[in-house]
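If you count the sequence shown from 1, you need to add 20 to reach the working numbering. Note that the Cβ used here is the ideal one computed from N, Cα and C, for glycine as well.
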Amino acid sequence: MDNRNYVPRLYGFLAELGRRQDRDWFKANRAEYDDLRALWLADLDRLIAAIRQWWPVVRPATGREAAYRIYRDTRFSRDKSPFKNYFSASFGPYGRGTGSAHMPGLYLHMGPGSVDGQVEGGLYGGVWCPESAVLKKLRKAIVDNIEEFEEIISAPELNALYPGWYGDRLKTIPKGYDRDHPQAPLLRLKEYGRFRPCGLEYFSDPSWPERAADEYRPLRPLLDFLAYSLEEEL
């Protein structure tokens with residue numbers, strides 16, 4: 021078996037796990053899961069090493085530290101399905117500590133998708149679902165530094181790989197801003213991030229970690245802007 025192209029096996033396993041949501045089935049197939057997870061974590065190590073070539077401060081240092089668990093947190097969810105049907109990981113200059121939850125970073129999602137509209141997978145960079153105070157600070161920074169921000173988000177390389185903003189938008193302009201504000205489309209965003217969809221074909225290429233690292237690179241100026249905006253004292 022060619023472990024360099026394990027990804028079709030991985031997607032097949034995740035699709036079956038997503039359909040079954042069966043703890044006994046998972047236990048019976050734990051050896052297959054552990055094998056696929058080990059191969060994927062090795063690729064994450066390669067991905068992080070390649071990102072560090074152009075972003076040395078990225079943490080965590082290993083795929084095992086960057087990867088999320090396969091088990092869903094069902095405590096506050098109506099959906100009590102025990103397993104995710106995807107593998108995911110995040111990394112950035114702030115690591116994975118509690119205090120970094122709303123700080124900018126990179127996110128990787130690999131999985132077959134589902135009938136409820138879940139994305140098949142891809143590359144993400146930005147601030148994910150920030151709390152109200154964080155979002156307010158980012159909006160102010162964007163308005164105060166709009167020329168710099170527009171130069172960053174109009175970069176051809178960024179828009180070629182990550183067209184448009186990802187996530188939900190407010191129906192109206194946020195409180196405190198005029199409804200005819202020139203930056204209204206930016207102010208209505210509920211998170212600041214870009215997403216590049218990547219599916220089975222993309223990740224089946226054994227060189228995907230190096231390719232993904234290179235395609236994350238155009239996000240760096242946006243992430244830097246978001247980071248120093250949040251670090252700056254009001």
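Return yes when the Cβ of residue j is within less than 8 Å of the Cβ of residue i, no when it is not.
{"i": "residue 55", "j": "residue 229", "result": "no"}
{"i": "residue 146", "j": "residue 140", "result": "no"}
{"i": "residue 27", "j": "residue 223", "result": "yes"}
{"i": "residue 252", "j": "residue 181", "result": "no"}
{"i": "residue 105", "j": "residue 30", "result": "no"}
{"i": "residue 95", "j": "residue 101", "result": "no"}
{"i": "residue 97", "j": "residue 127", "result": "no"}
{"i": "residue 226", "j": "residue 25", "result": "yes"}
{"i": "residue 175", "j": "residue 249", "result": "no"}
{"i": "residue 115", "j": "residue 76", "result": "no"}
{"i": "residue 84", "j": "residue 61", "result": "yes"}
{"i": "residue 112", "j": "residue 130", "result": "no"}
Which residue marks the beginning of the alpha helix (DSSP H) containing residue i, and which one marks its end?
{"i": "residue 205", "result": "204-207"}
{"i": "residue 224", "result": "220-224"}
{"i": "residue 45", "result": "43-48"}
{"i": "residue 33", "result": "27-40"}
{"i": "residue 169", "result": "166-173"}
{"i": "residue 176", "result": "176-181"}
Taking the beta strand (DSSP E) that residue i falls in, what are its first and last residues?
{"i": "residue 111", "result": "107-111"}
{"i": "residue 215", "result": "212-217"}
{"i": "residue 147", "result": "141-147"}
Going by C-alpha to C-alpha distance, which of the options sits closest to residue i?
{"i": "residue 193", "options": "210, 26 and 44", "result": "210"}
{"i": "residue 103", "options": "128, 226, 42 and 199", "result": "42"}
{"i": "residue 67", "options": "237, 244, 245 and 177", "result": "237"}
{"i": "residue 246", "options": "125, 59 and 79", "result": "125"}
{"i": "residue 197", "options": "220, 164 and 177", "result": "164"}
{"i": "residue 86", "options": "74, 71 and 110", "result": "110"}
{"i": "residue 143", "options": "38, 242 and 219", "result": "219"}
According to DSSP, residue i sits in a beta bridge with which residue or residues?
{"i": "residue 159", "result": "The partner list for residue 159 (beta bridge, DSSP) is empty, contrary to what the question assumes."}
{"i": "residue 5", "result": "Lying outside 21 to 254, the shown extent of the chain, residue 5 is not represented and no answer is given."}
{"i": "residue 189", "result": "209"}
{"i": "residue 103", "result": "91"}
Mapping DSSP to helix, strand and coil, what is residue i?
{"i": "residue 128", "result": "strand"}
{"i": "residue 92", "result": "coil"}
{"i": "residue 237", "result": "helix"}
{"i": "residue 79", "result": "strand"}
{"i": "residue 84", "result": "helix"}
{"i": "residue 97", "result": "coil"}
At least one CB of chain B closer than 8 Å to the CB of residue i: is that the case?
{"i": "residue 30", "result": "This model lacks chain B altogether, as it is built from one protein chain only."}
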